[in-house]
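Take a look at the structure set out below.
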Amino acid sequence: MIEKYLNKIIQGDCLELLKTVPDGSIDVVFADPPFNLKKKYKSYQDSLEFKEYLDWCKSWIIETVRVTKPTGSIFLHNIPKWLTYYSAMLNEMANFKHWISWEAPSSPMGKSLQPGHYGILFYTKSKKGNKFYEIRHPHKRDRKTGYLVKDYGGKKDGLHPFGPLVSDVWTDIHRIKHNKFRDKHPCQLPVHLLERIILMSTDKDDIVLDPFSGTGTTAIAAKRLNRNYIGFELDKNYVAISTKKLDTTSPISKLGNSWVSFYLNNVITIRDTDWEQLKSHYVIPKVARDIESKRIILKDDDVRIGYSMKQMLTLSRLEKSLFD
Ligand SMILES: C[S@@+](CC[C@H](N)C(=O)[O-])C[C@H]1O[C@@H](n2cnc3c(N)ncnc32)[C@H](O)[C@@H]1O
């Protein structure tokens, strides 16, 4: 029954479509609904009355929980204002895991603090037995020297060579700024945001459903990671854009035998369990430079994991010229 929807973006109203999805058939639902902020969508008026918007949200939230497997998870992305209501609804029907704060500037809303994050509510269908993988992101390093930006209070020796476990505050994934990377859509999300969510909550061949698919970000992330996807989207132009992009997307987000997330050739999310297999793919140079004092310092423990091959080549050329 669910097979007819697999790996398709279907045009239509998500509430109607969700009602046709069998109970407990989906591994992860990610929903990024309109925020009711009068955004200029092609087929949708983003300005409902307060109660009307929340009643509508409740009706599709109930469906997202119903269709999720007992081992599965539900992720809801929105501005904090609406997430406080979503959370109250979800606390009645699912299990709270996290409020993920995704740092990203948004528009000021009158006389208020400058909004600096979007929230991603992370609920599991059941209290026990849900699928979850710890994930890591690379240490922040100085671009030129490769030094760790953070001091870590003199405890660098014990650090994981790749980087720390990802917390519930995400500051390293940025909104798409350049128009050349954007589709004609007012609020397209970055693919690697979805890749991080999919890596931590699913396995290869699992099913990821996005009821507000937009221009297909969730589907693209799922396909790159060899998961199945289902997208629902009201607007036929957005469906056409997604389908075109999906035709040229393949399951390539892999290093060795591990599925990982890349951004501009850098690996930016890995699963903790994959590190043993992944570490052979990284070059670990034993040399570091102290650029500021123009002295060259040899440091055995300096690792530059997380750099792309191109950056590594530039760095080794630079090092060679310093030593020659
Ligand atoms: C915030 S955007 C999602 C953007 C998406 N995450 C992306 O990265 O492209 C919300 C989307 O929901 C769609 N939409 C609004 N009402 C809908 C409905 N009832 N059923 C399905 N899609 C709907 C809008 O057309 C819009 O593309």
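Just so we're aligned, residue 2 is where the sequence shown starts under the numbering used here, counting upward by one.
Glycine residues also receive a C-beta, built at the ideal position from the N, C-alpha and C atoms.
Keep in mind that this is a model prediction, so the values were computed, not measured.
CA-to-CA, the gap between M94 and I63 works out to about 8 Å. By the C-beta criterion, the stretch 220-231 is judged not to be in contact with the stretch 273-284, since fewer than 3 inter-stretch pairs fall below 8 Å.
The C-beta of G217 has 16 or more other C-beta atoms within 10 Å across all chains shown, which makes the residue buried. Distance from the CA atom of Q189 to the CA atom of G215, rounded to whole angstroms, is 7 Å. Judged by DSSP in its simplified three-state form, Y153 adopts helix. In this structure the stretch 47-58 does not touch the stretch 92-108; the number of beta carbon pairs closer than 8 Å is below three. The beta carbon of K151 sits closer than 8 Å to the beta carbons of H140, K141 from its chain, once the five residues preceding and following it are set aside; these are given in chain order. Excluding its 5 nearest sequence neighbours in each direction, E135 has C-beta neighbours in its own chain below 6 Å: L166, D273, listed in chain order. Look at Q189: its beta carbon is less than 8 Å from one of the heavy atoms in ligand 1. Distances from the CA of Y124 to each of L114, E50, H78, N180 were compared; the closest alpha carbon is that of H78. For the beta strand (DSSP E) assignment, the uninterrupted runs of no fewer than 3 residues enclosed by the stretch 56-113 are, from N- to C-terminal side, 69-79, 96-104. If the five residues before and after V240 are omitted, its C-beta is found closer than 7 Å to the C-beta atoms of I10, Q12, E234, all from its own chain and listed in chain order. Secondary structure at N229: strand, using DSSP grouped into helix, strand and coil. Residue environment analysis places N258 among the exposed positions, since fewer than 16 neighbouring C-beta atoms fall within 10 angstroms of its C-beta.
Using a cutoff of 8 Å, the CB of E93 does not count as near ligand 1, since none of the ligand's heavy atoms is closer than that.
With fewer than 16 other Cβ atoms from the protein chains shown falling within 10 Å of its own Cβ, R183 counts as exposed. Beyond the five residues adjoining it in sequence on each side, R67 comes within less than 7 Å, by CB distance, of D24 in the same chain, given in chain order.
Rounded to whole angstroms, G164 and R137 show a C-alpha spacing of 6 Å. Only residues of its own chain outside the window of five on either side were considered, and among them Y124 have a CB closer than 6 Å to the CB of L91, listed in chain order. Cβ atoms of N229 and N8 come within 8 Å of each other, at about 6 Å.
Under the three-state reduction of DSSP output, K255 falls in the strand class.
If you check the CB distance, S74 and K128 do not come in under 9 Å. The alpha carbon of V30 has as its nearest neighbour, out of T65, M110, D173, K126, the alpha carbon of T65. Counting along the chain, the unbroken beta strand (DSSP E) around L210 starts and ends at 208-211. The beta carbon of S88 sits closer than 8 Å to those of F97, W100, L122, all from its chain and outside the five residues before and after it, given in chain order. Taking non-hydrogen atoms of ligand 1 into account, the C-beta of Y264 is found less than 8 Å away from none of them. Minimum Cα-Cα distance from I174 among the listed residues F76, Q46, K59, Y264 corresponds to Y264. Non-local C-beta neighbours of E277 in its own chain, meaning closer than 6 Å and more than five positions away in sequence, are absent.
Residue pairing by DSSP places T270 opposite S262 in a beta bridge.
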